[in-house]
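Q: Protein chains in written order, with my numbering: chain A, 1 to 609; chain B, 610 to 1218; chain C, 1219 to 1626; chain D, 1627 to 2034.
The beta carbon of each residue, even a glycine, is placed where N, CA and C say it ideally should be.
And the structure:
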């Protein structure tokens, strides 16, 4: 695809959790918990509130189609603020300072007086029904052509455990949201910008690392298309695929639009109860359903079943809309007979619905209330098809396609957080911020000062273990040993399914120091790390891998081996070193440095010769 | 026995619950509850407190030998006062007024200023560890020779459910305690005085009736004997037996005293651990016991096993004392071999204990602590045997003998209740009290005014149903019908195992009114009452026994019977009345008055003749 | 510039459009198109034009005439408030249509008429307003309301409910309701509390109660007897608690099933009557160690004073002279306990006996706040010292419990 | 006649002997042989002779020198009192032998020495006595006590414990203990409370606590942090409750096994230090509707005033001028809540924001009584307004919790 020709415009929003001591609007630690550790539960309903304009935000309204009881897990590390049972504290100053640091790194202009807002979110992920967020800075620059529109400081939402159950440990962790202008024009460009911003964030050394701590949302539109926000793109490498699939989707939707218009397609006003048609069907879902409603979409024949993105059809979009009413999805004649629905039943359905050849009949099933709600949603989405691409918030599916979540939220869902006073940002505050060394600069410095090659230096600078690497170097450990252990060794172990992330930094530092002191040989590191990852203490791990092995111990073995193979050595001379070395290493591998073995063996062979 | 010769002096204490709306020191109803209705439990220890004199009351000390955790059942009709978690209210004025009425009936002098005292009781029956009691009046007269010493107003103790568990419903119900001087000299006299006081109490119409609401304690001593208080004599008729058995006990104990002295008997200082002797015994109790201690009581041979009262030996007394330490009782050689202890074991025991022929060896078993405590208690009681009769509080056993409870309490256990202010009793208060008609006077009045014979009148006047009888008479029901129903009919039903006590007064009154109105015949009363006792409603009970039966109904039956037996009647003439009456009655018994049947039948026969 | 004006402002050269909201701490607050508010120096803001006024779309409200008529009396508070999404300003919904539009399910419970005697923050409530409120409620009942709902700020709701309870003999439920979390938030307790209060206002009850969340969950509301309820938490939804008593009813949510306690007073048990005199010159004094006895001089001209003493109802003997002085000046003094739970008993210790001797009246197990309200009311009814004492010691509206139940 | 004289009195002609006890309300109180007291007109009482004085039999008390040395500081209260069984007068046991004789099991826990700085009813406690008490405790710890037990009347025990907590940095447990039911009754909680307090005084703890029954059962005692505890019932054994916090320890009874909370401060965590200046001119004012603003004039000369406001920390706007006046006169004003539970937050409503603007300091989740004691102490430490404000907002001795845990 020629993205420039299609008029691709893409922007990204990056959400990055900050590594503060306390949460953004309470004093709880920013610590994630295992749900088994929960100490209490609370249960609440949420209801959209009507704005002064007499309207309910369309995103909120969408979530309200069912009255849902949300359940929240509370911990001894959460408090009444997460429970929405106590007013928030003033905004965490540490978080604000980190946000301002990032803003400064991005050359943004801070807002003189920061106002904390409530963004209405009633999907249950916020006990209050809103997320607190504040615009901190605007107008940053990235690269030559791209602009950062805004940097907001927000509270993280609660983690969803199951459908209606959330865990309160994550709620309230500070988050910066960095939004770029739609200034990218190719999928690759999007990935680059995202990577660069990520590097900036990690350069502060004060952001959370690890799974789920950074999330990218991508905004995409093409000419004649519409702005689509795709949420939850966690891996940088997937970004280009997501972008190009969305472009593809918009292109296809625009084609469908044109075709519908040219066909004179029509969306009906009402559905038709066809429950009786499926009394005896082999489709379990339909047979058990208290109510089945059908509707004929004139001129939609073949279009609803048309693929618009790998694995996604126009029908999938309609299905997503219908699901908001609590139904499982929709059936339509573009895909029937199937799922236990027979040819005869389809025929009866088409007949009853007075559907012509170019028409498509959609059916929905559930309680009467659900079915009516669902068919209306189908009509709504079908109507939108005449417009082309509806503005939507979508969620990324595993392979890079996306599904509908809710309409793009409007400004109506944003109103002031009256419980928190505004904060003035002064020029002095900004001036006092010392900027951290960027990771790119740091990588260059590693190459220069520590003599590590560029690729490894970059890896180290970007790695989660960077602080540990710097501590190790400071403690006098050879940079190459530290870098290799923290990167290659651990990555290799990880490929073997050994997760070293749980090993405390202090333990690793201690282990590396022992290698430096010679009490542990570096060849033993993989096995020791493997044991540590299994939960062992350092001393135990070191011992289990093999007793410490002195040069004297080695000399004994070498002497024995050399004596046993005296003839061979005398026969081969110095060339015997290689083969004999293999024999010795078989016994001592992982317990002593190979270089030492070579030295000792060499001397021993020389004595024999 | 010649009680006068033996110098019998007896007095009684009568404890009578008052029928007040609220309790004596709180505002809970004086309502007994089923333990299943309990709503809460509380658990407490009690400890004897040391008086200013540095002594613990001996009765309290006795109860303290074990640290016991008491459990109390609380109800929605009890409160924090019963829980000993709130100070008492001022004394219930209604209860005081009843007490003063009784005092006035007994010609007693009221105390000018009544002081509420705390009587220490740590057997668990009072949550506070004391019973609140106040001396209200002194010096009354009963009959010609007997004096009432005192009238106290007390709170009832909690009811014991099991050993250490008590029910708080009864705690705090007001109680009058009337104590006579020891002015009775024969067992019969004691019964008479008790009966008379009971009559006085019931004359007020404001005392509780029914099981456990009145309790007699009897004080008995003979010359050279000692004052013994026997608690819990509930039936008046048992009093003479209790008194004479106690006299017998004291006579026998005095004889034992003389014999011990003449034998030069001796109580040892210490016991001997003989646990090893019973390692293999067939006595389960002993074999399982962690510690067995024996002691030789020199010169006690044959005496410990001697009967001092039907079913009671000196050994029983020792056993009662020992049980205070938590052991099950004692064994002694006067009764061994027995209970699985063999001849050989007894021999070994006597040998080990160096017991001579005239000696008795006592053994106790339990934990070491219990056994030491128990053997000391045995020594204590054995030493008392040299003094004759120890002053004791005893409890009555079912047949009239008694068992040791605790020493007679001293004055040390009485100290002021500082939470309740003293109450002044003025002359005006006494004058304002209108005395109720005595039951004896009332019986006489019933005979005179209502024409009921003396025996029945007395029965009615003393009966629990007296208030109902008076209401019935007032409602115009024939006194003889009311009296017969409430006494004879119900007593006969009671013999058949039908308990009418649960039938509400109003129901009975309604039933009697129906008899008076003729809609129910008095012959139907037993069956109707039986049905009512089973829980039926009145209308249902009346219907179930038989439909209401009019004279017209009767006349039809009579006519039929007379026609059928026309020949017989004509043959016999008027003498046929009796046999034919029998035939009719078979059909209508219990449904219509026999007199009416006779009248109708007579007329019908006359017509035939 | 006024609220709503379209403006443009420059931020480091970049021009941004927005809506002018207000000025705060010297900054102009502008709402951007994204919905965010920012505060920037007024000098950087430039007026463009008036904003378009979008008329508020209001759905028509139809009330079901078959349902019981309930009166909603609003006095302010967050329960029926709504927020201006642009300015954050909170306004009060006070007419029936507005309330039903906010909480549509109300229309399935009753038909509503509304009154608004005043609108205040509840911390500004005064005894004279209690009188106005009681009269308004009385009028509504007289005019046939099957139940009355009083929306009230939670801060002093218990005081007001208690005052109405003394002033008014009611045959119908009079239910005070508030919310602890503002009505503008999706998690507000206002809808559930309002629905439960409407349900109970049409139920078989005949007394004054406070209806609020029973737990922190949206599972049921509790109706507390007005004279036994106290706000026991600054912010939790279940802040209102019956002290030393059980709630008189609970209402499950969302089912709205009512379960009434055994000692609840039923509908039509009492004849409607109003006794609306309150003596305002009454005070409440919480004793603490080191309290200056001179404070009593301040109250010596008062007609009544409730003391929240320590423990069973004690104060320092240093205050005894002042107490005697007050009483001899005609001040009625009631002793309650700052423990809140349990009963005052001044017969146990000397200090207490001295207080009784001085003429202090034991407040039994009355809450100090309830005792204050009751004293104002009693002193409004009679001048006779014996009658005052008798009435203060007697249980009039559930404020005194003769027995201290265990387990509450 | 004096107490103890043998007398005879005539009751309607009958002559009765007894012991003269005292005179009460014009009557002579006589103890009869049966133990009953009666009151009769003095004219009917005739002196016979002096009673024999029976010397008090005292068992010798031997203390186990191997056990930790614990100091018992008695200040009065019912915990260590004994009653004169004749007169009913209550006297205080204050020396170690007397205490051990009353509760023998104490001797198995520690060896004891005793101090008695004063003996008062706790309602008569004054800040100056807190200072004496803190000094006495300090001296005992300095002289090597492994733990200190302070016996105290329950009425103001929480205030005193809180005051000592601020004045004293202690490396050892300082345990306040009292009893709710008088020591003369077999059911008294004194023995269990005393045993538990001795057990915890020798345990691994290094702060000031209050040790009382944890429930109404004799099953365990709870040790509450001095600054978070409040007497919440007039008479129940478990009257003392930690508010918004868990107890720092529990002690099972009769086993005396100690279980310590995670956030308890351990022995030797702090160096012994005493800061014994308290500013007495501080007051505590509980707001109520209709409160006369003139009351603030009384406090305007005070150095500090704690207000127990409504809800999140509000008072009527009528009082705002008075508040501003006080503050401009140099009075430090702390806002707490009469709700007792939960945190003050004056940023949510206008009233609160006005208070903050006037210079009122939010008391976070401090109990009003603790805030008063803390304010007295803080004003005793510094005159600097910023420092005062900082110290009042900072958690010094557990009086402020930065987080409001759910479930307490």
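1. Assuming the contact rule is C-beta atoms closer than 8 Å, residue 1393/C and residue 1368/C should be a hit. Round their C-beta distance to whole Å, please.
2. Please compile the residues from chain C whose C-beta is within a distance smaller than 7 Å of the C-beta of residue 1153/B.
3. I'd like the span of the beta strand (DSSP E) that includes residue 1866/D, first residue to last.
4. With 8 Å as the threshold, decide whether the Cβ of residue 1615/C is near any Cβ in chain A.
5. What does residue 1974/D reach in chain A if we use C-beta pairs closer than 8 Å?
6. What does a CB cutoff of less than 7 Å around residue 482/A pick up in its chain, not counting 5 residues either side in sequence?
7. Should the stretch 226-240 of chain A be regarded as contacting the stretch 209-218 of chain A, the criterion being three or more beta carbon pairs within less than 8 Å?
8. Taking residue 1647/D as part of the beta strand (DSSP E), name the residues at either end of that continuous run.
9. Checking the sheet assignment: what are the DSSP bridge partners for residue 70/A?
10. Against chain C, with Cβ distances strictly below 8 Å, would residue 141/A count as a contact?
11. According to DSSP, residue 1653/D sits in a beta bridge with which residue or residues?
12. Could you tell me whether any Cβ in chain B is nearer than 8 Å to the Cβ of residue 1811/D?
13. What I want to know is whether the C-beta of residue 1137/B ends up closer than 7 Å to one or more non-hydrogen atoms of the ligand NAP.
14. List the residues that DSSP assigns as beta-bridge partners of residue 924/B.
15. Please state whether the Cβ-Cβ distance between residue 1973/D and residue 79/A is less than 8 Å.
16. Which partner residues does residue 775/B have in the DSSP bridge list?
17. Using a Cβ-Cβ distance cut-off of 8 Å, determine whether residue 1/A contacts chain C.
18. For residue 114/A, which three-state DSSP category applies?
19. If we count the other Cβ atoms within 10 Å of its Cβ and call it buried at 16 or more, is residue 1903/D buried or exposed?
20. Does the distance from the C-beta atom of residue 1670/D to that of residue 1700/D stay below 8 Å?
21. List the residues of chain A whose Cβ lies closer than 7 Å to the Cβ of residue 2029/D, in chain order.
22. Counting C-beta neighbours from all protein chains within 10 Å, is the total for residue 1738/D 16 or more, i.e. buried, or is it exposed?
23. How close, in whole Å, do the beta carbons of residue 271/A and residue 375/A come, if the pair is a contact with beta carbons under 8 Å?
24. Going by the beta-carbon positions, is the gap between residue 1965/D and residue 1959/D smaller than 8 Å?
25. Spell out whether any CB of chain C is found under 8 Å from the CB atom of residue 2010/D.
26. Would you list the residues sitting across from residue 1451/C in a DSSP beta bridge?
27. So with Cβ pairs under 8 Å, would you call residue 1640/D a contact of chain B?
A: Put simply:
1. In this structure residue 1393/C is in contact with residue 1368/C, their Cβ atoms being roughly 7 Å apart against a cut-off of 8 Å.
2. Those do not exist, as residue 1153/B stays about 33 Å from chain C at its closest Cβ, beyond 7 Å.
3. 1866-1868 is the extent of the beta strand (DSSP E) around residue 1866/D.
4. Under the 8 Å criterion on CB atoms, residue 1615/C is classed as non-interfacial with respect to chain A.
5. Contacts between residue 1974/D and chain A, judged by CB atoms closer than 8 Å, involve 87, 418, 419 in chain order.
6. The beta carbon of residue 482/A lies closer than 7 Å to those of 469, 472, 473, 512 in the same chain, with the five residues before and after it left out.
7. Counting Cβ pairs under 8 Å, three or more are found: they touch.
8. Per DSSP, residue 1647/D belongs to the beta strand (DSSP E) from 1640-1650.
9. 44/A.
10. With 8 Å as the cut-off, residue 141/A does not count as an interface residue toward chain C.
11. Its beta-bridge partners are 1650/D.
12. Against chain B, the CB of residue 1811/D has a partner CB under 8 Å away; the residue lies at that interface.
13. The ligand content of the structure shown is nil, which means the ligand NAP is not present either.
14. Within the DSSP bridge table, the entry for residue 924/B names no partner.
15. No, the Cβ-Cβ distance between residue 1973/D and residue 79/A is not below 8 Å.
16. Answer is 681/B, 769/B.
17. Not an interface residue.
18. Three-state result, residue 114/A: strand.
19. Sixteen is the threshold: since fewer than 16 other Cβ atoms of the shown chains lie within 10 Å of the Cβ of residue 1903/D, the residue is exposed.
20. Result no, Cβ atoms of residue 1670/D and residue 1700/D do not sit closer than 8 Å.
21. From the beta-carbon of residue 2029/D, the residues of chain A found nearer than 7 Å are 26, 27, 28, 79.
22. That one is buried.
23. Going by Cβ atoms, the distance from residue 271/A to residue 375/A rounds to 4 Å, so yes, they are a contact pair.
24. It is not a contact, given that the beta carbons lie outside the stated cut-off.
25. Not an interface residue.
26. Residue 1451/C is bridged to 1967/D.
27. Cβ-Cβ to chain B under 8 Å: yes for residue 1640/D.
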